[in-house]
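Participant:
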């Protein structure tokens, strides 16, 4: 992608770090630095490649640096990041992993998981309501966990979760139960006939020869079929769902809203609206 | 100073960190990022403010990040930085402190102290020879130590060191003795009548009311009077020396060459010469 021009950092720059292993593929530095530049914020995001063994000490040490304002985490550090927060957002807690960590004015640290929130925001942005809906989620890993929690947080009536590992599925439901009692249930695959939304949060579809993660047979014709896989942009699931007339949501739709969610979480003013801030910098979707 | 535009970092960016406490005053990010940009190097320097208590863990942790290429250190971390290197340059070893640390291709780390080397390079750049000269250095602290070592490394015949603390002065001479036997001596203040160069490496002159760090009476008329204080740009010492017809070197002259020394140390190609590299990236003044 294009590497936009930004002001060089100076001694007063607030530094944000995205940690990953590997980290070469991340696009957050380019995207977030464009946000910082637009907001006129003397802030900068840089990547750091660190192993799982070394990540805990690196996060602790960077937190001790006074001008480090926050972190993003990509694979495999989303579980580790959670343990460095004083305040854990509801979605992160239920999902058991986080991808953003922020220094607060009082020196404490807040974390949240925006994978699921990004997914839900992407759905809402194109008019797919969540409130009151029944949703089937395939896959109870990191992405599926975050999405299930965010769906419930956004008012979904019921989330039905399937996974090849029945214990993993039931552990997730137990965590969700604590926040949203009675609304998350573990089900066997294939039980989504009457759902409003069905989501693939498994890796099936990364390979062109992969079988479908679930059958489309008998699905409610008004259902939305959603995908979290971004490469390929159109998986076999999306292609077949579209061919059968279902509404679909592609994987990138969950990524696109996340940059603005990170902006709010990191309390960078939104200068899009009218050349000046359209919201208090202390606002944002996060409630620790 | 002007904050030049640079490319945003991306996932492949090599990160350099300047640590200090405070760090807001540093100009290295702006200066080094201009060097990286000119060289077409996907590298970036960011500041990190860290206390002396937290600096050791931060340096260790950042060294564990695969894309961190090196460090600069400003007050108070120059002594700490030295202890994180596998290979210590002669000037850093003699001075007992360092301001640059570099990751080598084999994963080891090399350090050097460019305060003194910058000073000597600044002298040479304006035609003040060092080889064979007798030099008086006032002040055996971090700056004075580094300058004394660099002068000897550059071939000064003898360096005479004075400090308000006689033990500190003798400890420095003992360290210098190991590298350059018989050429560094501790002397009482005022014994510089026959020297070729006399240098103020004390804090005296930071305040406009400060007394001169040494008398100019009886100084060899051809001597160079040099200053390391940068603010004010013209100290009382420099003003009086100039009025009496001595050649002078101002404090900023030791800073100006350092950026290019860091460039070489960090093995960033020099693209000034003819649009392409004028030297092998493995060259540079540093000999671990």
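Chains as they are written, first to last, in the working numbering: chain B, 64 to 351; chain R, 64 to 351. For glycine and all other residues, C-beta sits at the position ideal for the given N, C-alpha and C. All values derive from a computational prediction rather than experimental measurement.
#1: Around the Cβ of residue 298 of chain B, are there at least 16 other Cβ atoms within 10 angstroms (buried) or fewer (exposed)?
#2: Would DSSP call residue 350 of chain R helix, strand or coil?
#3: Can you give the Cα-Cα distance for residue 138 of chain B and residue 78 of chain R, rounded to whole angstroms?
#4: Please state whether DSSP places residue 268 of chain R in a helix, a strand or coil.
#5: Determine whether the Cβ of residue 73 of chain R lies closer than 7 Å to any Cβ atom of chain B.
#6: What is the residue span of the alpha helix (DSSP H) that residue 139 of chain B lies within?
#7: Beta-carbon separation of residue 105 of chain R and residue 75 of chain R under 7 Å?
#8: Below 8 Å on the Cβ atoms is my contact criterion, and I expect residue 198 of chain R with residue 260 of chain R to pass it. Report the Cβ-Cβ distance as a whole number of Å.
#9: Among residues of its own chain, excluding the 5 on either side of residue 171 of chain R, which ones have a beta-carbon nearer than 6 Å to its beta-carbon?
#10: What first and last residue would you give for the alpha helix (DSSP H) that runs through residue 229 of chain B?
#11: Mind checking if residue 121 of chain B is an interface residue toward chain R, Cβ cutoff 7 Å exclusive?
#12: For residue 69 of chain B, does the count of other Cβ atoms within 10 angstroms reach 16, so buried, or fall short, so exposed?
#13: Does any residue of chain B have a CB that is nearer than 7 Å to the CB of residue 174 of chain R?
#14: For residue 141 of chain B, which residues in the same chain have their Cβ closer than 7 Å to its Cβ, ignoring the five residues on either side in sequence?
#15: Report yes or no: do three or more beta-carbon pairs, one from the region 230-243 of chain R and one from the region 169-186 of chain R, lie closer than 8 Å?
#16: Quick one: give me the first and last residue of the beta strand (DSSP E) that residue 77 of chain B is part of.
#17: Roughly how many whole angstroms lie between the Cα atoms of residue 315 of chain B and residue 124 of chain R?
#18: How would you write the range of the alpha helix (DSSP H) that residue 174 of chain R sits in, first residue to last?
#19: In its own chain, which residues sit with a C-beta less than 6 Å from the C-beta of residue 203 of chain B, not counting the 5 before and 5 after it?
#20: Cβ atoms of residue 82 of chain B and residue 113 of chain B: under 7 Å apart, would you say?
#21: Residues in its own chain within less than 6 Å of residue 221 of chain R by CB, not counting five upstream and five downstream?
#22: Please say whether residue 164 of chain B and residue 129 of chain B have beta carbons closer to each other than 7 Å?
#23: Across which residues does DSSP place residue 133 of chain B in a beta bridge pair?
#24: Note down the Cα distance separating residue 87 of chain R from residue 111 of chain R, rounded to an integer number of angstroms.
#25: Determine the DSSP secondary structure at residue 303 of chain R, reduced to helix, strand or coil.
#26: Within 7 Å of any Cβ in chain B, is that where the Cβ of residue 167 of chain R sits?
#27: Determine which residues share a DSSP beta bridge with residue 111 of chain B and list them.
#28: Can you tell me which of the three DSSP states residue 263 of chain R falls into?
#29: Go to residue 216 of chain B, then tell me how far its alpha helix (DSSP H) extends in each direction, as first and last residue.
#30: Would you verify that the beta carbon of residue 170 of chain B is, or is not, closer than 7 Å to some beta carbon of chain R?
#31: For residue 262 of chain R and residue 91 of chain B, I'd like the C-alpha separation in whole angstroms.
Facilitator: Taking the structure as given:
#1: By 1-based counting over the first chain, the position of residue 298 of chain B is 235. The residue is buried, with at least 16 neighbouring Cβ atoms inside 10 Å.
#2: As a position in the second chain, residue 350 of chain R is number 287, starting the count at 1. Any reading at residue 350 of chain R must be qualified, since the residue scores a pLDDT of 37, below 50, and its modelled position is unreliable; the value itself is stated next. Reduced to three states, the DSSP call for residue 350 of chain R is coil.
#3: Taking the first chain and counting its residues from 1, the one referred to as residue 138 of chain B is at position 75. Taking the second chain and counting its residues from 1, the one referred to as residue 78 of chain R is at position 15. Using only the alpha carbons, I get a separation of about 20 Å.
#4: Mapped onto the second chain, residue 268 of chain R falls at position 205. Residue 268 of chain R falls in the coil class under three-state DSSP.
#5: The residue you call residue 73 of chain R lines up with position 10 of the second chain. Yes, residue 73 of chain R lies at the interface with chain B (some Cβ there is under 7 Å from its Cβ).
#6: Walking along the first chain from the start, residue 139 of chain B turns up at place 76. Here residue 139 of chain B belongs to no alpha helix (DSSP H), and DSSP marks it neither H nor E.
#7: Stepping through the second chain from its first residue, residue 105 of chain R is reached at position 42. Stepping through the second chain from its first residue, residue 75 of chain R is reached at position 12. In this structure, residue 105 of chain R places its C-beta atom within 7 Å of the C-beta atom of residue 75 of chain R.
#8: To locate residue 198 of chain R, count along the second chain from 1; it is residue 135. To locate residue 260 of chain R, count along the second chain from 1; it is residue 197. Right, the Cβ-Cβ distance comes to about 4 Å (below 8 Å), so this counts as a contact.
#9: Within the second chain, numbered from 1, the residue matching residue 171 of chain R stands at position 108. The residues are 149.
#10: Counting from one through the first chain, the residue named residue 229 of chain B turns up at place 166. Here the alpha helix (DSSP H) through residue 229 of chain B covers 229-242.
#11: Looking up residue 121 of chain B in the first chain gives position 58. Judged by the 7 Å Cβ criterion, residue 121 of chain B is in contact with chain R.
#12: For the purposes of this step, residue 69 of chain B is taken as the residue at position 6 of the first chain. Under this definition residue 69 of chain B is a buried residue.
#13: Position 111 of the second chain holds residue 174 of chain R. Not one chain B Cβ lies under 7 Å of residue 174 of chain R.
#14: If you number the first chain from 1, residue 141 of chain B lands on position 78. Answer for residue 141 of chain B: 160, 161, 162 and 205, listed in chain order.
#15: No, because fewer than three Cβ pairs between the region 230-243 of chain R and the region 169-186 of chain R fall closer than 8 Å, the two stretches do not touch.
#16: Along the first chain, read from residue 1 onward, the residue named residue 77 of chain B stands at position 14. Residues 77-83.
#17: As a working note, residue 315 of chain B is residue 252 in the first chain. As a working note, residue 124 of chain R is residue 61 in the second chain. Roughly 33 Å separates the two Cα atoms.
#18: Counted from its first residue, the second chain places residue 174 of chain R at position 111. Looking at the DSSP string, residue 174 of chain R is not in any alpha helix (DSSP H); the run it does join, the beta strand (DSSP E), is 172-175.
#19: In the first chain, residue 203 of chain B corresponds to position 140, counting from 1. Shown here for residue 203 of chain B: same chain residues with a beta carbon closer than 6 Å to its own, the five before and five after excluded, namely 224, 226, 231, 232 and 235 in chain order.
#20: The residue given as residue 113 of chain B occupies position 50 in the first chain. The residue given as residue 82 of chain B occupies position 19 in the first chain. Result yes, Cβ atoms of residue 113 of chain B and residue 82 of chain B sit closer than 7 Å.
#21: The sequence position of residue 221 of chain R within the second chain is 158, counting from 1. Excluding positions up to five away in sequence, the list reads 197 and 246.
#22: Translated into the one-based positions of the first chain, residue 129 of chain B becomes position 66. Translated into the one-based positions of the first chain, residue 164 of chain B becomes position 101. No; because the gap between Cβ atoms is not below 7 Å, this pair is not in contact.
#23: Numbered from its first residue, the first chain carries residue 133 of chain B at position 70. Listed as beta-bridge partners of residue 133 of chain B by DSSP are B:79 and B:165.
#24: Here residue 87 of chain R refers to the residue found at position 24 of the second chain. Here residue 111 of chain R refers to the residue found at position 48 of the second chain. Rounded to the nearest whole angstrom, the C-alpha separation of residue 87 of chain R and residue 111 of chain R is 9 Å.
#25: Here residue 303 of chain R corresponds to residue number 240 of the second chain, with the count starting at 1. Reduced to three states, the DSSP call for residue 303 of chain R is helix.
#26: Position 104 of the second chain, counted from the start, is the residue given in the question as residue 167 of chain R. Under the 7 Å criterion on CB atoms, residue 167 of chain R is classed as non-interfacial with respect to chain B.
#27: Counted from its first residue, the first chain places residue 111 of chain B at position 48. Beta-bridge pairing links residue 111 of chain B to B:82.
#28: Here the question's residue 263 of chain R lines up with position 200 in the second chain. Secondary structure of residue 263 of chain R (DSSP, three-state): strand.
#29: As a first step, residue 216 of chain B is located in the first chain; it is residue number 153 there, counting from the start. For residue 216 of chain B, the enclosing alpha helix (DSSP H) begins and ends at 205-216.
#30: The residue labelled residue 170 of chain B in the question sits at position 107 within the first chain. By the rule that beta-carbons nearer than 7 Å mark a contact, residue 170 of chain B does not touch chain R.
#31: Position 199 of the second chain, counted from the start, is the residue given in the question as residue 262 of chain R. Position 28 of the first chain, counted from the start, is the residue given in the question as residue 91 of chain B. Here the alpha carbon of residue 262 of chain R sits roughly 49 Å from the alpha carbon of residue 91 of chain B.
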